[in-house]
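Here is the structure we will look at.
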Amino acid sequence: MLLVVPEGASAVRLGDNASIKTKLKVKNGIFYSISFSASRTCAQEEKLNVSVAPNPEPKDWGILPIQTVYSSNLLKNGNFEQGPYIFPNTSWGVLIPPNIEDDHSPLPGWMIESLKVVKYIDSDHFRVPNGKRAVELVAGRESAIAQTVKTHPGKIYDLIFLVGDAKNSCEGWMMVEATAGKETEQVPYESKGAGGFKRARLRFKAISRHTRIRFLSEYYHMKSDNSGSLCGPVIDDVRLITVPRHPERTNKTT
Numbered sequence: 001m002l003l004v005v006p007e008g009a010s011a012v013r014l015g016d017n018a019s020i021k022t023k024l025k026v027k028n029g030i031f032y033s034i035s036f037s038a039s040r041t042c043a044q045e046e047k048l049n050v051s052v053a054p055n056p057e058p059k060d061w062g063i064l065p066i067q068t069v070y071s072s073n074l075l076k077n078g079n080f081e082q083g084p085y086i087f088p089n090t091s092w093g094v095l096i097p098p099n100i101e102d103d104h105s106p107l108p109g110w111m112i113e114s115l116k117v118v119k120y121i122d123s124d125h126f127r128v129p130n131g132k133r134a135v136e137l138v139a140g141r142e143s144a145i146a147q148t149v150k151t152h153p154g155k156i157y158d159l160i161f162l163v164g165d166a167k168n169s170c171e172g173w174m175m176v177e178a179t180a181g182k183e184t185e186q187v188p189y190e191s192k193g194a195g196g197f198k199r200a201r202l203r204f205k206a207i208s209r210h211t212r213i214r215f216l217s218e219y220y221h222m223k224s225d226n227s228g229s230l231c232g233p234v235i236d237d238v239r240l241i242t243v244p245r246h247p248e249r250t251n252k253t254t
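Be aware that the sequence shown starts at 1, since it is given in the UniProt record's numbering, and climbs by one per residue.
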C-alpha cells in the first residue's frame, strides 16, 4: 500500500473514529494558532475534527474537509479547475446547460440553477482571474450557479470570491448577486473589457445544517464588438471558510 505523506518523511494515519492528542504548556490569556498538513488516503470524502481542551467556549472546534486540493475551503471545486473538456483550438469556451436539461452537471460540485446556460472559459482564450478555468454568467438573472454545503447552525462563515470580466469586449457596469442561505450581497463591477477583477466577501451566520450558495448576474450584457453575442461577469476562486469566534482579535497584527 502506498500512503501519501503531505510533508517530511513520516506521518500519522488516522483510522475511522481514531484520534491523537498532546499536551502543551500555554499562558493564560494568550491566543495561539495550530497549523498542520493533512491529506486523504482514499477517494471518499473525509473530515478532520480539531479541538482544544479545556475551552470555555462551547463547541469551539473546527471540522476541516480533506479535499483533493488540500485546503479549508468548504466548497467543492471552488476554483472551477475541474469541468468539461475544452478543445485546444476552440476560442468560444463551453456552454454548460441548466439542470432542467441535464441532471448530471459537467461542472463538479456545482448546479446550473437557471433557465439558461453558463459559459466555462479557459485562460488560453480569455482572461481568467485565478488559475486556468472560470465561469462566465452570460444570461443575466437566467444564468446562475449554486452549491449546497454542510454548515453548523450558529457558526460564522465567510464566502470569498472574485468578480471580473473575460477580456472579451464585454463592457459596462455589472452586478453579481451572491447568496448564502438568507443573506445576499450585490457586488458591482465596472468592466472596461480589459480583463480586470475584484475580490468580494459575504459574511453570514449559518441557520441550518445545510446552506445553499448561489451566484447570478443581475443585468444582461452584450459584447461591444457588434457580434450580438451575450456575455457577463466572470466568477472565480470561490471559497467558504469558517470565521474564528474572535475575528476582531485574530485579525490584529503584532
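Just so you know, even glycine gets a beta-carbon here, dropped at the ideal spot from N, CA and C. As the structure is a prediction and not an experimental result, all values here were calculated from the model.
Determine the DSSP secondary structure at residue i, reduced to helix, strand or coil.
{"i": "glutamate 81", "result": "coil"}
{"i": "arginine 214", "result": "strand"}
{"i": "arginine 209", "result": "coil"}
{"i": "asparagine 171", "result": "For the sequence presented, residue 171 should be read as glutamate rather than asparagine. In this structure, glutamate 171 counts as coil in the three-state DSSP scheme."}
{"i": "residue 257", "result": "There is no way to answer for residue 257, as the model of the chain reaches only from 1 to 254."}
{"i": "arginine 141", "result": "helix"}
{"i": "arginine 133", "result": "strand"}
{"i": "arginine 199", "result": "strand"}
{"i": "valine 69", "result": "At valine 69, the pLDDT of 40 sits below 50, so the modelled position is not reliable and the matter cannot be decided from this model."}
{"i": "lysine 47", "result": "strand"}
{"i": "histidine 221", "result": "strand"}
{"i": "valine 149", "result": "strand"}
{"i": "alanine 18", "result": "coil"}
{"i": "alanine 180", "result": "strand"}
Taking residue i as part of the beta strand (DSSP E), name the residues at either end of that continuous run.
{"i": "serine 191", "result": "183 to 191"}
{"i": "threonine 242", "result": "234 to 242"}
{"i": "glycine 164", "result": "156 to 164"}
{"i": "tyrosine 120", "result": "118 to 122"}
{"i": "leucine 95", "result": "94 to 96"}
Around the C-beta of residue i, are 16 or more other C-beta atoms found within 10 angstroms, so that it is buried, or is it exposed?
{"i": "serine 33", "result": "exposed"}
{"i": "alanine 53", "result": "exposed"}
{"i": "isoleucine 235", "result": "buried"}
{"i": "histidine 210", "result": "exposed"}
{"i": "lysine 15", "result": "Note that residue 15 is glycine in the sequence shown here, rather than lysine. Per the 10 Å Cβ criterion, exposed."}
{"i": "alanine 18", "result": "exposed"}
{"i": "alanine 43", "result": "Bear in mind that the predicted position of alanine 43 carries a pLDDT of just 48, short of 50, making it too unreliable to give a figure here."}
{"i": "valine 50", "result": "exposed"}
{"i": "glutamine 186", "result": "exposed"}
{"i": "serine 10", "result": "exposed"}
{"i": "residue 260", "result": "Given a span of 1 to 254 for the chain in the structure shown, any question on residue 260 remains unanswerable."}
{"i": "aspartate 136", "result": "First, the residue type needs correcting, since residue 136 is glutamate and not aspartate in the sequence shown. With 16 or more Cβ atoms within 10 Å of its Cβ, glutamate 136 is classed as buried."}
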